[in-house]
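To start, the structure under review is shown below, and the notes come after it.
Protein chains in written order, with the numbering used here: chain L, 5 to 352; chain X, 13 to 295.
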């Protein structure tokens, strides 16, 4: 009952193969034009590859050699895009009921299913509204309910959070963590946070080919491809979750935005923040919303027109002028400071 | 121009030279002046009697009935045609579009002659129809066919544009949600292009109402059977010019209503529905 896919689209220089076990969520990472959208379109049946084949749970989706090609509506693959694309002429409830109705359910039964999924994404209050009356985050929430109500064998998500602001994205990421658990899904994303929170495995595409694939934590911990390395350049700390933040094994408490489910945070977790949000000081600064990490500079290296300062497991980007002012060199004791608002904390 | 600019919001700079106003005003006057001249010649005391005479009412009734019938025919034939032109990809598609739009630029008399050689007693299909006992030329059916022939391109053109603007993304979403193509058409495509379809149908109705040349050639001018309002006006002009002017004004009024109902909204807003602007979610 696995999903297998291998296809070639010569016009787009696309040649990818991958496989998914039931209940597995794979994150597809890659730069723009790496073939991520082509992959989803080929799986959903919106694009016809010249060569290759794909199977989903024993049924053939397409097989170029045999000339088989199943149209999108018979595939059981629902595509959730960056824009919610709710049908503007239907109410929220009828949007969500669209899938069950198309599958042959009665209107009453389809609306019952729709109400269930609206409740599941905490959007029951929106049922009677028109899509034009929703905010971006609300609309995407409804789009998730609509996709799930169609009961897909394989859910395809194309950067579902990238059109939303930080606050709305955080709420929806939490929602996706819950609804994707135990569900087979492929999520195209630019965000390492999405990959860490939502996926079991990662596929990195580069130039229409698979550059790297494997379990999410392994790939991000020891990246081999340039793109994954760029993502993995993020500062990543592991520890134990508590009500005030993340306690690392070294006893340091890290404050930040909690991205996990509702309730008191507990259990193993991780904190992620980009090197660009880290400042470097020679003396410990004061200020409550900031995290301060004491360390010793181990390495200085150029990174674009900036300098990457490494101190133990952490790194910071600073300007060459700042590095000169601070007289930074390996062996110098420094304090790395990051605002709590820049730190994402989540369970792992 | 300066006075116009002060209406609601500060006008942005435009590079239109001031002297353009003069030819523009002449252009507007060229269209409005003849209508005004005609309105001034209306014999108002007799207006009611003129437009409600037996022959006038017969012509008006026939015009409205046949135009309604040809509008329905235009929708039945034009929607599939617009779909094929907007969504299909096949050899000869551009040629087909050009040919379908031909009646827009063809003199209607030529259209009437062409219809006569198709559905007339000696025509291509007419011979078969005659054997079957069906007589089309010079009947009310002929009026409807003539009107449909000239009006169909208006509906196809309007709807094809709306379909292209609306794009295929909603259709793709509907398909991946499990809707078969007929369901997508019924529940997504048609509802989304309904404004374009409505304005196309209104245009087709207006064009049918004004049809003259093809009707006269293919259907003749029999009172109550094929003599529509434009034919009646043309005939009355010889015998009772006052009646012709009064009936003309009725057609102008109908045309104004039709145009007003179609162009109330600026173009673009009638076409594809827009996505709500993304903003912060506070569910």
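The C-beta atom is built at its ideal place from N, Cα and C for all residues, glycine as well.
When you compare only the Cα positions, how much space is there between residue 155(X) and residue 230(X)?
The alpha-carbon atoms of residue 155(X) and residue 230(X) are separated by roughly 8 Å.
Checking the sheet assignment: what are the DSSP bridge partners for residue 297(L)?
Partner(s): 340(L).
Check whether chain L comes within 7 Å of residue 190(X), counting only Cβ atoms and requiring the distance to be less than that.
Cβ-Cβ to chain L under 7 Å: yes for residue 190(X).
Do you know whose CA, among 185(X), 213(X), 216(X), 215(X), lies nearest residue 201(X)'s CA?
For the residues 185(X), 213(X), 216(X), 215(X), the minimum Cα distance to residue 201(X) belongs to 185(X).
For residue 190(L), count neighbouring Cβ atoms within 10 angstroms of its own Cβ and tell me buried if that reaches 16, exposed if not.
So residue 190(L) counts as buried.
At the level of alpha carbons, what is the spacing between residue 79(X) and residue 86(X)?
Taking the straight line from one Cα to the other gives about 10 Å.
Evaluate contact between the region 303-320 of chain L and the region 332-341 of chain L, counting only Cβ atoms and requiring at least three cross-stretch pairs below 8 Å.
In short, these stretches touch, since the Cβ pair count reaches three.
Step through the CB atoms of chain X and report whether any lies within less than 7 Å of the CB of residue 183(L).
Judged by the 7 Å Cβ criterion, residue 183(L) is not in contact with chain X.
Between residue 300(L) and residue 347(L), what straight-line distance do the alpha-carbon atoms span, to the nearest angstrom?
Looking at the two C-alpha atoms, the distance is approximately 21 Å.
Does the region 129-140 of chain X touch the region 233-245 of chain X, meaning 3 or more C-beta pairs lie closer than 8 Å?
Because the criterion of three Cβ pairs below 8 Å is not met, the region 233-245 of chain X and the region 129-140 of chain X do not touch.
Does residue 171(L) pass the burial test, meaning 16 or more other C-beta atoms within 10 Å, or should it be called exposed?
It counts as exposed.
Taking the alpha helix (DSSP H) that residue 125(X) belongs to, which residues open and close that run?
Residues 120-131.
Relative to chain L, which residues along the region 199-224 of chain X have a C-beta separation below 9 Å, given in chain order?
Under the 9 Å Cβ criterion, the region 199-224 of chain X contributes 199, 200, 203, 204, 206.
Thinking C-alpha only, which one of 324(L), 215(L), 176(L) is nearest residue 202(L)?
Of 324(L), 215(L), 176(L), the residue nearest in Cα terms is 176(L).
Check for me: the beta strand (DSSP E) holding residue 206(L) runs from which residue to which?
Counting along the chain, the beta strand (DSSP E) containing residue 206(L) begins and ends at 205-210.
Please list the terminal residues of the continuous beta strand (DSSP E) segment that includes residue 284(L).
From DSSP, the beta strand (DSSP E) with residue 284(L) extends over 282-285.
Based on Cα-Cα distance, which residue from 217(X), 238(X), 219(X) lies nearest to residue 227(X)?
Comparing Cα-Cα distances from residue 227(X) to each of 217(X), 238(X), 219(X), the minimum goes to 238(X).
Kindly indicate if chain L contains any beta-carbon less than 7 Å away from that of residue 184(X).
Yes, residue 184(X) counts as interfacial toward chain L.
So, is the C-beta of residue 76(L) closer than 7 Å to a C-beta in chain X?
Judged by the 7 Å Cβ criterion, residue 76(L) is in contact with chain X.
Going by beta carbon distance, what residues of the same chain come within less than 7 Å of residue 274(X), once the five residues before and after it are set aside?
Hits under 7 Å: 211, 214, 215.
Just the Cα atoms here: how many angstroms apart are residue 104(X) and residue 310(L)?
Approximately 58 Å, taken between the alpha carbons.
Could you check how far apart the C-beta atoms of residue 218(L) and residue 39(L) are, in whole angstroms? I think they sit under 8 Å.
Not confirmed; about 18 Å, so no contact.
Is it a yes or a no for the region 165-179 of chain X touching the region 43-59 of chain L, going by three-plus beta-carbon pairs under 8 Å?
Touching, no.
Taking the beta strand (DSSP E) that residue 65(X) falls in, what are its first and last residues?
Looking at the DSSP string, residue 65(X) is not in any beta strand (DSSP E), and its letter there is neither H nor E.
Below 9 Å on C-beta distance, what does residue 181(X) contact in chain L?
In chain order: 85, 87, 89.
Could you name the residues of chain L that residue 187(X) contacts, counting a contact when the two beta carbons are closer than 7 Å?
In chain order: 76, 77.
From 167(L), 242(L), 49(L), pick the residue whose C-alpha is nearest to that of residue 158(L); which is it?
Among 167(L), 242(L), 49(L), the Cα nearest to that of residue 158(L) is on 49(L).
What did DSSP end up calling residue 17(X) once you bin it into helix, strand or coil?
In this prediction, residue 17(X) scores a pLDDT of 45, lower than 50, which makes its location untrustworthy; the coordinate-derived value is nonetheless stated afterwards. It is helical.
So, are the CB atoms of residue 34(L) and residue 214(L) less than 7 Å apart?
Contact: no.
Within a Cβ cutoff of 6 Å, which residues of the same chain sit near residue 168(L), ignoring the five residues on either side of it in sequence?
Excluding positions up to five away in sequence, the list reads 140, 141.
Confirm, please, whether the CB-CB distance from residue 271(X) to residue 53(X) is below 7 Å.
Result no, Cβ atoms of residue 53(X) and residue 271(X) do not sit closer than 7 Å.
Looking at the unbroken beta strand (DSSP E) that takes in residue 311(L), where does it start and where does it end?
Here the beta strand (DSSP E) through residue 311(L) covers 310-315.
Look up residue 216(L) in the DSSP assignment and give the residues it is bridged to.
According to DSSP, residue 216(L) bridges with 208(L).
By Cβ distance, which residues of its chain are closer than 6 Å to residue 18(L), with the 5 residues on each side in sequence left out?
For residue 18(L), where only same-chain residues beyond five positions count, the Cβ hits under 6 Å are 39, 42, 212.
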